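Using the working numbering, the first residue of the sequence shown is number 208, and each one after it goes up by one.
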Amino acid sequence: MKDNIINISRRNFVKGFALSGLVLAVGLPGLSAAEDEPKYGRDGMANGWVDNPLVFVSIATDGTVTIVAHRSEMGQGVRTSLPMVVADEMEADWSRVVVQQAEGDEKKYGNQDTDGSRSIRHFFMPMRNVGAAARMMLESAAAALWAVPVSEVKALNHEVIHAASGRKLGFGELAEKAAELAVPERTALRYKKSSEFRYIGKSDNKLVDGMDIATGNTEYGMDVRLENMVYAVVAHPPAYGDTLKSYDDSETLKVPGVIKTLTLPSSAPPALFNPLGGVVVVAENTWAAKQGRDKLKVEWVAGPNRQYESEAFREQMKAAANSSGGKVLRSAGDTYKALETAPTTLKAEYYVPHLAQAPMEPPVAAAQIKDGFCEVWAPTQAPQAAHDNVAKWLDIKPEQVRINVTLLGGGFGRKSKPDYVVEAALVSKALGGQAVKLVWTREDDIQHSYFHTVSYEHLEAAIDENGKPQAWLHRTVAPSISSTFADGAVNQMPIELGMGVVNIPFDLPNIQLENPAAQAHTRIGWFRSVSNIPHGFAVQSFINEMAHELKRDHKELLLELIGPDRKIDPSTLRDEWNYGESPKLYPLDTGRMKRVIEHVTAKANWGKTLRAGQGQGLAAHYSFVTYVAAVVEVSVNEEGEVSIPQVDIAVDCGPQVNPERIRSQIEGACVMGISLAMLGEISFKDGVAVQDNFDGYQVTRMDGAPGKINVHILPAEDYDAPMGGVGEPGMPPIAPALCNAIFAATQKRIRNLPIRYQLEE
């Protein structure tokens, strides 16, 4: 990866920031990404990265080091981990580092979308680069002042030391002198050895805002308070594509605290990140606004999705999955012939319903407009998308919009879509620029999300007379995220198909992968782990079914299917692939995949003797350049109630920056994965989401969480290896491992999620 480091100490570019003394920025011209991750531009379509991201570090004359965090913090620790890399490489004292949250600004920071588990893996080396450059400039400044060779000085813990004479100067004393120097060429940078790291790879670094979060002294989107601020909620159209016909607000205006009502324009599908439209109730507080909304009498015009019924659509997907003729993604050998002639074949189908992200903090944004300038405060994963869409909808210039990024009370992909931010700006405009905080209630959030797609997966295998698998057929049917951005999109995108379908790591002579069409009837969006969830559930469950059919141990069959150690490079499989013009998936290392399987099964004591009603389940998955394997242990009583005494998870994400945050994210992914598998479901009737709160869309409570989660982080071989993501890869193996464990305990096969109620029969 090529990048530029720029000395901007005396440029107007940094006006308005708490940066002084030596100020450096790192630019990444032409940064590109693999197809296993979203890379959407301002219009929502896949059009590559912005060419010039800049990440700032400054050293003030008092020695304070300020590092600008350009990604959004939502519990994953990125506001600590990225600055920590800079501080380590430049030899800064972490106690003298101040982290400043960046506002949404494409010109300064490039792509700030915090999704795809890519903040650390994309910016680890750029952060090291800027840290190394700062350290070398400080050392050069000190050497010049002392008139000694730079090779005789060394930066150490916020000072530069000349060991021969015992002289030392603090970073602050050297900042202005260093600011006068040229930045070292990228090829001339000298990096610390991994053995010299003080922060990177260590687990004793506390979150920079951890105490403030714990004591309520920081600001989430819901905490924003502005002078003369009013509050708003929206009565959205019941079904996606419905429009407003008329409304009666006579009873609403009688509610104490209600100020007025107004309307937002409705957007016809596909709606990009546009607001859904509807009737807005403005009040002195959120409770009054909600009570007023309950009193509205609204008449809607039914849109194109009012016929959407989950059960009927499931049957449509099943029919498509059972028919050949879908888009062929990859074809090796002759799978259909092998299935026709094999002495043994196996077939199974798996279903995963729509899911809602349901972050603890629902969508919320505050906005005010003064002198034609719109300022917004929002918990957003996509500051640039929020910025550009606000400018578009207000019909003002981009430089007339400022997006202040608050802490996020969870995101899981929902807050990558800024429709709620646009709503707040539009309401402020309708109120003459008055400050307004627009709040989505829990019902709004669950019923009007950008849902995780519903999917139907059809798998078949051919097994020869020696019990060896010889052929693999997988048809995956699911509405695509691209349907939110493009009318008529009915096939999954390469990004989605690269999540456990086209890049399966199996060593088989016959492979046929197909993608029949599926029409979306609601908004489909990013969700933690995205299409890895249904693909991983189907593939890893099917392997367990194969093992049972062959009377083989699941682990041994899985390792056999993966085959010898090798790197599967999609660029070498062009004769087999037909799912995109140029597959750009990262090479998959089967040795690393087998390594996590071997490790987790050893740690979990795979195959140990268990009592009746108990069982172990195994699953492994590769996503976001990270290898994860899980063993789930369950106990199922006579009433069909499932408890989970223990889960073991092995993770190989390559080089590690903050092991404690890796551990916490994998633990969180495990609990969320169990919650989705056991309880998660959004279903539709007459185009409307049936579930509207946590009584219907349930999440796992404490008594449903595992008794113990053991996270085993495998050490990285070197810090030059590809770095994997962490926030999402822990999810995909959980549901199949859980269902495989339930089968081991009960002989009851779970092929349709959620699990709840299926074990009561």
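Ideal Cβ positions, reconstructed from N, Cα and C, are used throughout, including at glycine. As the structure is a computational prediction, the values presented were derived from the model and not from experiment.
| task | Starting from the Cα of PRO290, find the closest Cα among TYR398, SER372, TYR406 and give me that residue. | result | TYR406
| To which residues of the same chain is ASN412 closer than 8 Å at the C-beta, ignoring the five residues directly before and after it? | THR287, MET291, TRP301, TYR406, ASN865, GLU867
| request: Measure how close the beta-carbons of LYS195 and GLU667 come, nearest whole angstrom, since I'm counting them as under 8 Å. | output: Within the shown structure, residues of the chain are numbered from 208 to 968, placing residue 195 beyond reach of any answer.
| Using the rule of at least 16 other Cβ atoms within 10 Å of the residue's Cβ for burial, across every protein chain shown, is GLN564 buried or exposed? | buried
| query | Just curious, the beta strand (DSSP E) that TYR558 is in, first and last residue? | reply | Annotation: the continuous beta strand (DSSP E) that includes TYR558 extends over 551-559.
| message | Report the CB separation of ILE274 from VAL264 in whole angstroms; it is logged as a contact under 8 Å. | response | 5 Å
| query | Which one of PRO712, HIS681, SER738 has the shortest CA to CA distance from PRO723? | reply | The option with the nearest alpha carbon to PRO723 is HIS681.
| Local conformation of TYR627 per DSSP, three classes | helix
| message | As a quick exercise: from ALA442, VAL415, GLU556, pick the residue whose alpha carbon is nearest that of VAL505. | response | ALA442
| If you follow the alpha helix (DSSP H) that PRO290 is part of, which residue opens it and which one closes it? | 285-297
| message | Going by the DSSP bridge assignment, what does VAL644 pair with across the sheet? | response | The displayed chain sequence assigns Lys, not Val, to residue 644. DSSP output for LYS644 lists TYR438, ALA573 as bridge partner(s).
| said: Is TYR316 close to the ligand PLP? I mean its beta-carbon at under 6 Å from any heavy atom of the ligand. | reply: Inclusion of the ligand PLP in the displayed structure is not the case, the ligand content being empty and no account of it being possible.
| field | Proximity of ASP295 and GLY379 at Cβ, strictly below 7 Å | value | no
| request: For SER401, count neighbouring C-beta atoms within 10 Å of its own C-beta (all shown protein chains included) and say buried if the count is 16 or more, exposed if not. | output: exposed
| Using 8 Å as the Cβ pair cut-off and three pairs as the minimum, do the segment 825-842 and the segment 926-946 touch? | yes
| query | If you scan the segment 721-807 from start to end, which runs of the alpha helix (DSSP H) of 4 or more residues do you find wholly inside it? | reply | With a minimum length of 4 residues, the continuous alpha helix (DSSP H) runs that stay inside the segment 721-807 are 739-757, 761-769.
| Where does the unbroken beta strand (DSSP E) through ASN917 begin, and where does it stop? | 916-920
| request: Measure from the alpha carbon of THR816 to the alpha carbon of each residue in ALA952, LEU704, PRO590, then state which is nearest. | output: ALA952
| field | VAL337 to VAL272 span [Cα, whole Å] | value | 13 Å
| task | Grab me the residues of MET524's own chain with a C-beta within less than 7 Å of its C-beta, minus the 5 sequence neighbours each way, in chain order. | result | TYR663, VAL684, ALA725
| task | Using only alpha-carbon positions, find the residue among THR422, GLY499, CYS581 that is nearest to LEU601. | result | CYS581
| query | In the DSSP assignment, what residue or residues form a beta bridge with PRO716? | reply | DSSP, once it has assigned bridges, lists no residue as partnering PRO716.
| request: Pull up the CB-CB distance for LYS774 and LEU795, whole angstroms please, since I reckon it's below 8 Å. | output: With a Cβ gap of about 7 Å, LYS774 and LEU795 count as contacting.
| Sufficient close CB pairs (3 or more, under 8 Å) joining the segment 607-621 to the segment 578-592 | yes
| Sorted by chain position, which residues of the same chain lie with C-beta nearer than 7 Å to ARG397's C-beta, five sequence neighbours on each side aside? | ALA339, MET343
| Residue range of the beta strand (DSSP E) that includes ARG537 | 534-539
| Taking just the CA atoms, how far does GLY639 sit from ALA574? | 12 Å
| query | Skipping 5 residues on each side, what residues in its chain have a beta carbon closer than 8 Å to that of PRO771? | reply | Cβ neighbours of PRO771 beyond the five flanking positions: ASP714, THR797.
| query | Which residue's Cα is closest to the Cα of ALA857: PRO922, MET429, PHE520, ALA819? | reply | Looking at the Cα atoms, PRO922 is the closest of the given residues.
| query | CB SER623 to CB ALA678, shorter than 7 Å? | reply | Taking 7 Å as the cut-off, the Cβ atoms of SER623 and ALA678 do not count as close.
| What is the residue span of the beta strand (DSSP E) that GLN823 lies within? | 821-830
| With 16 as the cutoff for other CB atoms within 10 Å, does TRP507 come out buried or exposed? | buried
| field | First through last residue of the alpha helix (DSSP H) which encompasses TRP600 | value | Its alpha helix (DSSP H) spans residues 590-601.
| said: Within 10 Å of its beta-carbon, does TRP733 have 16 or more other beta-carbons around it, so buried, or fewer, so exposed? | reply: buried
| Got a sec, what are the start and stop residues for the beta strand (DSSP E) LYS314 sits in? | Not the beta strand (DSSP E): LYS314 falls in the alpha helix (DSSP H), residues 313-316.
| query | With respect to the beta strand (DSSP E) encompassing ALA834, which residues constitute its N-terminal and C-terminal limits? | reply | The amino acid occupying residue 834 in the given sequence is Tyr; Ala does not appear at that position. Note, TYR834: beta strand (DSSP E), 833-843.
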